[in-house]
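**Q** Quick one: the structure is below, questions incoming.
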Amino acid sequence: MTEPQENRRGALDEAILTAQDRYGPAFTITDLAAVLGVAPLQAQELIDSLRSPRDNVCLGRLR
3 MTEPQENRRG
13 ALDEAILTAQ
23 DRYGPAFTIT
33 DLAAVLGVAP
43 LQAQELIDSL
53 RSPRDNVCLG
63 RLR
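The end of the sequence shown is residue 65 by the numbering used here, with every number in the run present.
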């Protein structure tokens with residue numbers, strides 16, 4: 003992971019913790035977007051840009 007990706011990952015991790023504090027453990031992408039100050043689609047794109055191929059394999063197994 004490059005340094006800018008690490009910085010974005012850190013900011014996203016912090017936003018996730020804030021969303022959990024504000025909205026509870028079952029927060030939505032809309033809640034996370036509100037914490038980040040972006041539209042829900044932008045929040046989803048940020049998550050997708052930081053997702054590794056390994057994450058996709060794990061998510062695929064959960065479906």
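The beta-carbon is built from N, C-alpha and C at its ideal position, and this holds for glycine as well.
Taking all protein chains shown into account, do 16 or more other C-beta atoms lie within 10 angstroms of the C-beta of Asp33, making it buried, or fewer, making it exposed?
**A** It is buried - the Cβ of Asp33 has at least 16 other Cβ atoms within 10 Å.
**Q** In the DSSP assignment, find the unbroken alpha helix (DSSP H) run with Gly12 in it and report its ends.
**A** Segment 5 to 25, the alpha helix (DSSP H) holding Gly12.
**Q** Going by the CB atoms, is the gap between Ile31 and Ala45 shorter than 7 Å?
**A** Yes, these two residues count as a Cβ contact at 7 Å.
**Q** Check Thr32 in the structure and name its three-state DSSP category.
**A** If DSSP states are grouped into helix, strand and coil, Thr32 belongs with the helices.
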